[in-house]
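So for the sequence shown, the UniProt record's numbering puts the first residue at 1; every next one is plus one. Where is the CB? At the ideal position from N, CA and C, for every residue including glycine. Remember, it's a predicted structure, so these values are computed and weren't measured experimentally.
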Amino acid sequence: FLLSKEICDPAIGGEIIMCPLCDRDCEYWRLNTTCESSQYSHLFDNVATLFFAIFMGIWVTLFLEFWKRRQARLKYEWDLVDFEEEQQQLQLRPEYEAKCTQKKKNPITQEMEPYLPLTSQAVRFCVSGATVLFWVSLIIASMIAVIVYRLAVYAAFASLMENTQSLQPISGLLTPQLATSVTASCLNFIIIMILNFFYERIAIWITDMEIPRTHMEYENRLTMKMFLFQFVNYYSSCFYVAFFKGKFVGYPGAYTYMFNRWRNEECDPAGCLIELTTQLTIVMAGKQIWGNIQEAIVPWICNWWGRRKARNNPENLYSRWEQDHDLQIFGPLGLFYEYLEMVIQFGFITLFVASFPLAPLLALMNNILEIRVDSWKLTTQYRRPVAAKAHSIGVWQEILNAMAILSVVTNAFIVAFTSDMIPRLVYYYAYSENEDSPMSGYINNSLSVFLISDFPERNKPKENPENFVICRYRDYRYPPDHERKYLHSMQFWHILAAKLAFIIIMEHVVFLVKFFVAWMIPDVPADVKAKIKREKYLTQKILHEYELEKLKERLCQGDKGATEKEFIATEGRMELSRAM
Numbered sequence: 001f002l003l004s005k006e007i008c009d010p011a012i013g014g015e016i017i018m019c020p021l022c023d024r025d026c027e028y029w030r031l032n033t034t035c036e037s038s039q040y041s042h043l044f045d046n047v048a049t050l051f052f053a054i055f056m057g058i059w060v061t062l063f064l065e066f067w068k069r070r071q072a073r074l075k076y077e078w079d080l081v082d083f084e085e086e087q088q089q090l091q092l093r094p095e096y097e098a099k100c101t102q103k104k105k106n107p108i109t110q111e112m113e114p115y116l117p118l119t120s121q122a123v124r125f126c127v128s129g130a131t132v133l134f135w136v137s138l139i140i141a142s143m144i145a146v147i148v149y150r151l152a153v154y155a156a157f158a159s160l161m162e163n164t165q166s167l168q169p170i171s172g173l174l175t176p177q178l179a180t181s182v183t184a185s186c187l188n189f190i191i192i193m194i195l196n197f198f199y200e201r202i203a204i205w206i207t208d209m210e211i212p213r214t215h216m217e218y219e220n221r222l223t224m225k226m227f228l229f230q231f232v233n234y235y236s237s238c239f240y241v242a243f244f245k246g247k248f249v250g251y252p253g254a255y256t257y258m259f260n261r262w263r264n265e266e267c268d269p270a271g272c273l274i275e276l277t278t279q280l281t282i283v284m285a286g287k288q289i290w291g292n293i294q295e296a297i298v299p300w301i302c303n304w305w306g307r308r309k310a311r312n313n314p315e316n317l318y319s320r321w322e323q324d325h326d327l328q329i330f331g332p333l334g335l336f337y338e339y340l341e342m343v344i345q346f347g348f349i350t351l352f353v354a355s356f357p358l359a360p361l362l363a364l365m366n367n368i369l370e371i372r373v374d375s376w377k378l379t380t381q382y383r384r385p386v387a388a389k390a391h392s393i394g395v396w397q398e399i400l401n402a403m404a405i406l407s408v409v410t411n412a413f414i415v416a417f418t419s420d421m422i423p424r425l426v427y428y429y430a431y432s433e434n435e436d437s438p439m440s441g442y443i444n445n446s447l448s449v450f451l452i453s454d455f456p457e458r459n460k461p462k463e464n465p466e467n468f469v470i471c472r473y474r475d476y477r478y479p480p481d482h483e484r485k486y487l488h489s490m491q492f493w494h495i496l497a498a499k500l501a502f503i504i505i506m507e508h509v510v511f512l513v514k515f516f517v518a519w520m521i522p523d524v525p526a527d528v529k530a531k532i533k534r535e536k537y538l539t540q541k542i543l544h545e546y547e548l549e550k551l552k553e554r555l556c557q558g559d560k561g562a563t564e565k566e567f568i569a570t571e572g573r574m575e576l577s578r579a580m
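Structure, rendered in structure tokens:
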């Protein structure tokens, strides 16, 4: 906490005058005004978070590998080892048979079956792809709108907090940056929920329009559409804060602007990590609360509304089975939404865990509650679901594997580019001049100097009551009296090289450990594998004994030559089954 102490120290942070965070309307401000937010930021922005991110990268692999083992055990216990979903895949959907009028011979069944012409498939896929692309573009547009909101309201929050006396006691905690981040996160969450509501119906409609051939194809296509949309919808704002905010700001006098009007956002002097934590907390917690409301309260209200007629009717006129029939329908996509919810939550606790180490704890608390909510919902608010066989979780397994690999990359980039860990380490080992306290002076070193007289009229604040001569900004650039005025200093390039080297080393180390762990842990437990082989052996033995009895009967009837050959072949098959 030495760095936050420097920020909070009136003799250090109180003497550092920072450049305005918006054009014209914002004033110069002292660094120690961000004291509380910097203290909170350093709770997560430390070396322990790095090791936790590496641990989570390995934990994800362990989780998926042990899930495969659990899946194999469940498959054996429920007698689904020899269950072939290919048999289900061959069964055509009734909608496919009804909508496809042309027929051709199936090479497998050798029967005439309806089929969809290639030209019709191409047209439907083009319309489907264009629709998905449009909705993904709509998400990106809404995210840009939220960014514009952040840029537009920051100046309003800054002037409001400066001029409102009632907000002065909490001005240290509720900074304009934090107020903008919280309100933008809430607005973003509302937009996410609205887009989800409409896209769920659009995704089902365009999947129906494609007319998938089998139930398996239908579920896989719908899964990929829904997951792609939800991935972009939930994570796009987090990716913006983690990897883009504060990276393309420019410097005083040469700021970069969005649409040549709104100045790009800067990170807090303590870094952007606290804002990413705020974004993740609001979106993740809001999603969990809203999901439980949708799963529990909405069905209960619908059933309560439907049971009104039972209050005025005796039991013999509105029987128990009629009341059960009037409950909510679980539907064929009931489990689909449960899987989708868990996979999105899996993404929150893996993709951004380096910025919010408490995410796994929130997920655990939610899942403990969710188990009870789901059990109450299924037993009291819904009709009994129709059971269906499945030997695995299907395409969801591949999605989880892909997210596990992506999580290593995102966490490496968060530690390198969003947190301040690498700049601090570079300063500690290469630029520190105090051997007794190597990190002292880091804050002053991480802030560049700008000459206020160099401000163009567009950026210059309206007032400078204390007649400041210089102001500081977050970057590594040469001072105004240097021959390479305001260009990036050598320290900037040293830090950038260290960040890239860290990403390469961390990714390779974690991937190496992940693949080694995956190779070490077999997908099927040894006892389950032995039981499966034992059952196959017993099956072969029974068949062998049955064939021997038949052969003996034929021997007794006098067909000796052919029977000896069959006996030798049967013995060979028995030896092969023992070897297997």
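Whether residue i touches residue j by CB criterion (8 Å)
i           : j      : result
ILE139      : VAL232 : yes
VAL343      : ILE399 : yes
SER41       : LEU273 : yes
LEU333      : THR410 : no
LYS99       : GLU113 : no
ARG24       : PRO461 : yes
ILE393      : TYR428 : no
GLU95       : ILE204 : no
residue 598 : VAL373 : Here the chain covers residues 1 to 580 and nothing more, so residue 598 does not appear.
VAL127      : PHE229 : no
LYS68       : ASP523 : yes
ILE58       : VAL469 : no
LEU451      : PRO423 : no
MET520      : VAL47  : no
TYR234      : VAL283 : yes
GLN294      : LEU327 : no
ALA296      : LEU362 : no
First through last residue of the beta strand (DSSP E) which encompasses residue i
i      : result
SER392 : Run containing SER392: none; DSSP gives neither H nor E here.
PRO114 : 112–114
PHE450 : 447–451
LYS75  : Run containing LYS75: none in the beta strand (DSSP E); it sits in the alpha helix (DSSP H), 47–77.
ARG460 : First, the residue type needs correcting, since residue 460 is Lys and not Arg in the sequence shown. Per DSSP, LYS460 belongs to no beta strand (DSSP E) and is neither H nor E.
LYS105 : 103–105
Backbone secondary structure at residue i - three-state DSSP
i      : result
THR183 : helix
GLY331 : coil
CYS471 : strand
ILE17  : strand
HIS42  : helix
TYR251 : strand
GLN482 : Sequence inspection shows His at residue 482; the Gln mentioned does not correspond to that position. Coil at HIS482, not helix or strand.
ARG424 : helix
ARG150 : helix
ARG477 : strand
TYR257 : strand
ARG263 : strand
Segment limits, alpha helix (DSSP H) that includes residue i
i      : result
LEU21  : First-last for LEU21: undefined, no H or E at that position.
LEU538 : 526–556
LYS245 : First-last for LYS245: undefined, no H or E at that position.
PRO94  : 94–99
CYS302 : 298–306
HIS325 : 320–325
MET284 : 273–292
LEU369 : 359–380
LEU512 : 490–520
Anticipated Cβ contact below 8 Å, residue i with residue j, distance rounded
i           : j      : result
THR223      : LEU92  : Not confirmed; about 20 Å, so no contact.
residue 646 : ILE17  : Residue coverage of the chain in this structure runs from 1 to 580, which leaves residue 646 outside it and unanswerable.
GLN288      : ASN366 : 4 Å
GLY129      : PHE455 : Actually they are not in contact, since the Cβ atoms of GLY129 and PHE455 sit about 49 Å apart, beyond 8 Å.
ILE532      : TYR76  : 6 Å
PHE330      : ARG261 : Wrong, their Cβ atoms sit about 50 Å apart, outside the cutoff.
Beta-carbon proximity list for residue i, same chain, < 7 Å, skipping 5 on both sides
i      : result
MET143 : SER236, SER237 and TYR240
ASN434 : SER440 and GLY441
LEU31  : ILE7, GLY13, ILE16, MET18 and PRO269
SER489 : TYR476, ARG477 and TYR478
ALA402 : none
Sequence-distant residues of the same chain with beta carbon closer than 8 Å to residue i, five excluded per side
i      : result
LEU276 : CYS238, VAL241, ALA242, PHE352, SER355, PHE356, ILE414 and THR418
THR180 : ARG150, VAL153, TYR154 and PHE157
ALA431 : For the record, residue 431 in the displayed sequence is Tyr; it is not Ala. Here the set comprises ASN445 and GLN491.
GLY250 : THR256 and ASN264
Short CB-CB distance (under 8 Å) between residue i and chain C
i      : result
LEU195 : Among the chains in the structure shown there is no chain C, since it carries only a single protein chain.
Own chain residues within Cβ distance below 6 Å of residue i, not counting five before or after
i      : result
MET56  : VAL353
ARG221 : THR207 and PRO212
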